Amino acid sequence: MDVTFKKLTVNMKRDLEFAAGVGRATFNSEEMSISAQRYKLLFDCSPHIACMLDKHGFIVDLNIKMEELASSKIKGQHFNTILYDEQSSLTADLFREALAGNTLEGYETIKDKQGAPVYIEYRSIPVVVDKELVGLCVAAKDITEKKELEWQREKELHVAALVQQSVLCQTLMTESLAISGHYVPAHNIGGDMYVWYQLDESRFGILILDVMGHGVSAALISMSIRSVVEQLIKRLQAPDLIMKELNEHVYTLFNERSASLHFFSALYTVVDVENKEIYYINAGHPPGILIQKHQCIRLVSSSPPLGFLRNTEFKTSMLSYEHPARIILFTDGLSACSNNNSSMNQSITEIEESFLANKQLGCEEYVQQVLLQRKNPVEPDDISLVKVEIF
Amino acid sequence: MQIYQRSRVTILDIKSEITIKNSDLFRTTMQRLLNHPSLHLILNLEHVTYLNSSALGIIADIAIKAKEAEKELVITGIQSPMNEIFEVVKFDTFMKIFSTAEEAIDYFEQH
Numbered sequence: 001m002d003v004t005f006k007k008l009t010v011n012m013k014r015d016l017e018f019a020a021g022v023g024r025a026t027f028n029s030e031e032m033s034i035s036a037q038r039y040k041l042l043f044d045c046s047p048h049i050a051c052m053l054d055k056h057g058f059i060v061d062l063n064i065k066m067e068e069l070a071s072s073k074i075k076g077q078h079f080n081t082i083l084y085d086e087q088s089s090l091t092a093d094l095f096r097e098a099l100a101g102n103t104l105e106g107y108e109t110i111k112d113k114q115g116a117p118v119y120i121e122y123r124s125i126p127v128v129v130d131k132e133l134v135g136l137c138v139a140a141k142d143i144t145e146k147k148e149l150e151w152q153r154e155k156e157l158h159v160a161a162l163v164q165q166s167v168l169c170q171t172l173m174t175e176s177l178a179i180s181g182h183y184v185p186a187h188n189i190g191g192d193m194y195v196w197y198q199l200d201e202s203r204f205g206i207l208i209l210d211v212m213g214h215g216v217s218a219a220l221i222s223m224s225i226r227s228v229v230e231q232l233i234k235r236l237q238a239p240d241l242i243m244k245e246l247n248e249h250v251y252t253l254f255n256e257r258s259a260s261l262h263f264f265s266a267l268y269t270v271v272d273v274e275n276k277e278i279y280y281i282n283a284g285h286p287p288g289i290l291i292q293k294h295q296c297i298r299l300v301s302s303s304p305p306l307g308f309l310r311n312t313e314f315k316t317s318m319l320s321y322e323h324p325a326r327i328i329l330f331t332d333g334l335s336a337c338s339n340n341n342s343s344m345n346q347s348i349t350e351i352e353e354s355f356l357a358n359k360q361l362g363c364e365e366y367v368q369q370v371l372l373q374r375k376n377p378v379e380p381d382d383i384s385l386v387k388v389e390i391f
Numbered sequence: 001m002q003i004y005q006r007s008r009v010t011i012l013d014i015k016s017e018i019t020i021k022n023s024d025l026f027r028t029t030m031q032r033l034l035n036h037p038s039l040h041l042i043l044n045l046e047h048v049t050y051l052n053s054s055a056l057g058i059i060a061d062i063a064i065k066a067k068e069a070e071k072e073l074v075i076t077g078i079q080s081p082m083n084e085i086f087e088v089v090k091f092d093t094f095m096k097i098f099s100t101a102e103e104a105i106d107y108f109e110q111h
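These protein sequences, in sequence, are chains A and B.
Sequential numbering from 1 applies to the first sequence in the UniProt record's numbering.
Sequential numbering from 1 applies to the second sequence in the UniProt record's numbering.
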């Protein structure tokens with residue numbers, strides 16, 4: 001938006017000319033009209049920093065806030081001298097753009113009196129009088145505190161992300177099977193989680209889950225589930241009992257006293273390599289895929305997600321398989337990434353075809369491939385993929 | 001999002017997709033639907049092409065609260081590909097789903 005305040009700019013032009021000429025920014029009543037004094041008062045007493053630049057980039061006036069920050073000595077100097085890092089600054093380029101009459105907004109780092117960095121968010125408005133640009137009015141907000149808080153939060157989220165990644169199971173390799181997984185949160189941390197445990201000599205339990213929502217709240221719920229899941233899987237063993245306990249856990253902990261409903265979808269699978277059987281319960285989760293003999297069988301959902309209802313009954317399904325076989329488990333963030341994301345079924349077919357076509361295809365490789373090809377999603381989602389290779 | 005009455009039934013028509021941007025508005029509108037004196041509530045999704053997982057949670061939450069208040073919330077007009085999501089989350093195990101609002105009204109009239 002090109003702002004031309006005629007009355008204001010006439011006064012500003014005079015201010016600019018006057019300030020440039022006499023090197024001071026105070027005006028007596030004779031020198032200024034009442035209107036100009038009002039604008040001057042507004043400029044001087046603004047809670048934000050402000051300065052006037054001439055069309056060569058020299059600071060011809062600055063308000064009290066700016067004086068407090070960078071000292072009055074900067075008056076008469078080029079704006080480059082107050083930039084914290086002139087080399088990497090884009091402000092010189094933006095200044096040229098502003099001289100073309102454009103109002104610009106941006107971020108910059110300037111120096112305070114001690115030379116310390118001050119982060120600002122600014123708006124520069126061209127001062128135009130009789131179609132002639134005479135300078136720029138720059139108003140800026142000191143956002144140093146906000147920036148520092150953001151960095152602190154980012155650091156904490158980075159640590160949280162490392163913690164979350166560290167609780168995901170590492171690749172398990174035995175004589176009979178190999179289990180691997182890959183997780184990419186939509187933000188630093190997220191609500192997806194997968195774990196696997198060897199239950200005895202021939203049975204392995206694998207759980208993948210997806211907590212509603214993304215970010216910190218989903219991650220907290222997922223970590224709370226993580227804290228109980230190993231003990232539950234090893235102690236209860238039976239899929240229906242494990243799901244029932246997990247349902248109770250999330251319901252009691254998060255839904256009994258909360259105004260909003262928290263829930264997660266989950267697919268728990270037990271692979272029995274001795275009897276060549278797979279037992280599973282899918283609770284509101286995208287289907288898992290059993291691949292064998294060039295065919296795919298889907299492990300479909302048979303109950304609502306966990307946390308929806310206190311008394312949900314979970315029924316275990318069983319499939320027999322032939323060696324070699326693969327099981328692919330994923331969260332809906334992966335199927336939503338498909339280029340054909342209008343239909344979940346079509347997206348799952350794409351996943352099936354990819355793994356059918358390439359027996360060696362790994363989780364990380366596939367997720368990266370999908371991420372590279374994906375179109376902009378409506379809402380970015382956490383992505384998890386687990387592959388069980390039964391030899 | 002529009003709430004209106006048809007005979008003894010209160011209908012909430014959703015006219016847009018539900019994303020993170022309007023899920024709070026969806027929650028408060030669903031709460032308004034629940035607070036309506038009518039015992040028979042319809043959530044009509046025939047114009048909805050996308051809803052996120054939070055919206056699913058809100059629907060389930062209100063359906064459960066409706067039951068606790070001796071009311072009934074049903075869903076109508078789920079379009080493809082949304083029907084696949086509802087199939088996965090098994091909403092039909094704890095609430096009724098109808099193809100059209102007319103079918104749901106007929107159901108309520110018989111009860």
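We treat Cβ as the ideally placed atom computed from N, Cα and C, and that holds for glycine.
What you are looking at is a predicted structure, and each value in this text was computed from that prediction instead of being measured.
| Can you tell which of A/Ala140, A/Ser222, A/Ala218 has its C-alpha closest to the C-alpha of A/Leu168? | With respect to the C-alpha of A/Leu168, the residue from A/Ala140, A/Ser222, A/Ala218 having the closest C-alpha is A/Ser222.
| Got a sec: is the Cβ-Cβ distance from A/Asn345 to anything in chain B below 9 Å? | yes
| said: On the DSSP letters alone, give me the boundaries of the alpha helix (DSSP H) that B/Asp61 sits inside. | reply: 53-68
| Buried or exposed: where does B/His40 fall if 16 or more other Cβ atoms within 10 Å of its Cβ makes it buried? | buried
| request: Quick one: using the 10 Å Cβ neighbour count with 16 as the cut-off for buried, is residue 419 of chain A buried or exposed? | output: Any question about residue 419 of chain A goes unanswered here, given that chain A covers just 1 to 391.
| Beta bridge counterpart(s) of A/Val128 as assigned by DSSP | A/Leu133
| query | Where does B/Gln5 fall in DSSP's three states? | reply | Note: B/Gln5 maps to strand in three-state DSSP.
| Taking the alpha-carbon positions, what's the A/Leu209 to A/His294 distance? | 27 Å
| field | Alpha-carbon spacing of residue 442 of chain A relative to B/Ile75, whole angstroms | value | Only positions 1 to 391 of chain A appear in this structure, which leaves residue 442 of chain A out of reach.
| request: Compute the minimum distance between the beta carbon of A/Ile206 and the heavy atoms of the ligand ADP, and state whether it is under 8 Å. | output: For the ligand ADP, the structure offers nothing, since it holds no ligand at all.
| message | Within a Cβ cutoff of 6 Å, which residues of the same chain sit near A/Leu246, ignoring the five residues on either side of it in sequence? | response | Leu306
| said: Please report the straight-line C-alpha distance between residue 430 of chain A and A/Asp130, rounded to a whole angstrom. | reply: The first residue shown for chain A is 1 and the last is 391, placing residue 430 of chain A beyond what the model contains.
| task | Would you mind telling me which residues of chain A sit closer than 8 Å to B/Pro81, beta carbon to beta carbon, in chain order? | result | Ser342, Ser343, Met344, Asn345
| query | Looking at the unbroken beta strand (DSSP E) that takes in A/Lys387, where does it start and where does it end? | reply | 383-390
| message | Is there a C-beta anywhere in chain A that falls below 9 Å from the one on B/Ser53? | response | yes
| request: Please determine if the region 362-374 of chain A and the region 168-188 of chain A are in contact, where contact requires at least 3 C-beta pairs separated by less than 8 Å. | output: In short, these stretches touch, since the Cβ pair count reaches three.
| Residues of chain B with CB under 7 Å from A/Ser176, in chain order? | Those do not exist, as A/Ser176 stays about 31 Å from chain B at its closest Cβ, beyond 7 Å.
| Contacting residues, own chain, Cβ-Cβ under 7 Å from A/Phe43 (five flanking each side not counted) | Ala50, Asn63, listed in sequence order.
| task | Please confirm if the region 274-292 of chain A is in contact with the region 215-233 of chain A, defined as three or more CB-CB distances below 8 Å between the two stretches. | result | no
| task | For A/Gly213, go through chain B and note every residue whose CB falls closer than 9 Å to its CB, in chain order. | result | Here the neighbours are Ile20, Asn52, Ser53, Ser54, Gly57.
| message | Please give the ranges of any alpha helix (DSSP H) in the region 202-260 of chain A, keeping only runs that are unbroken, at least 4 residues long and fully inside the region. | response | Counting only runs of 4 or more, we get 215-236, 239-250.
| request: Evaluate A/Ser265 with the Cβ neighbour count: other Cβ atoms within 10 Å of its Cβ, from every protein chain shown; 16 or more gives buried, anything less gives exposed. | output: buried
| said: Between A/Pro239 and chain B, is the shortest Cβ-Cβ distance under 9 Å, so that the two count as touching? | reply: no
| query | Using 9 Å as the limit for Cβ to Cβ distance, is B/Glu87 near chain A? | reply | B/Glu87 counts as touching chain A.
| task | Starting from the C-beta of A/Thr312, find all residues in its chain whose C-beta is less than 7 Å away, skip the five residues before and the five after it, and write them out in chain order. | result | Asn247, Ser303, Pro304
| request: For the beta strand (DSSP E) holding A/Glu277, just list the boundary residues, first then last. | output: Element bounds for A/Glu277: 277-283.
| message | Helix, strand or coil for A/Lys55? Go by DSSP, reduced to three states. | response | coil
| query | With A/Thr109 and A/Tyr84 assumed to form a contact (beta carbons below 8 Å), what rounded beta-carbon distance in angstroms separates them? | reply | The Cβ separation is near 4 Å, so the contact holds.
| task | For chain B, find out if any of its Cβ atoms is closer than 9 Å to the Cβ of A/Ser301; answer yes or no. | result | yes
| message | I'd like to know whether the C-beta atoms of A/Ser124 and A/Leu94 end up nearer to each other than 9 Å. | response | yes
| Is A/Lys75 buried or exposed, if buried means 16 or more other CB atoms sit within 10 Å of its CB? | buried
| request: Could you tell me whether the region 42-62 of chain B touches the region 237-244 of chain A, using the rule of 3 or more Cβ pairs below 8 Å? | output: With fewer than three CB-CB distances shorter than 8 Å, the region 42-62 of chain B does not count as touching the region 237-244 of chain A.
| said: Taking only three categories from DSSP, how would you classify A/Leu90? | reply: coil
| Which residues of chain A have a Cβ atom closer than 8 Å to the Cβ of B/Glu84, listed in chain order? | Ser343, Met344, Asn345
| query | Using the beta-carbon count (16 or more within 10 Å), is A/Met193 buried or exposed? | reply | buried
| Just to confirm, are A/Leu177 and A/Val271 a CB contact at a threshold of 9 Å? | yes
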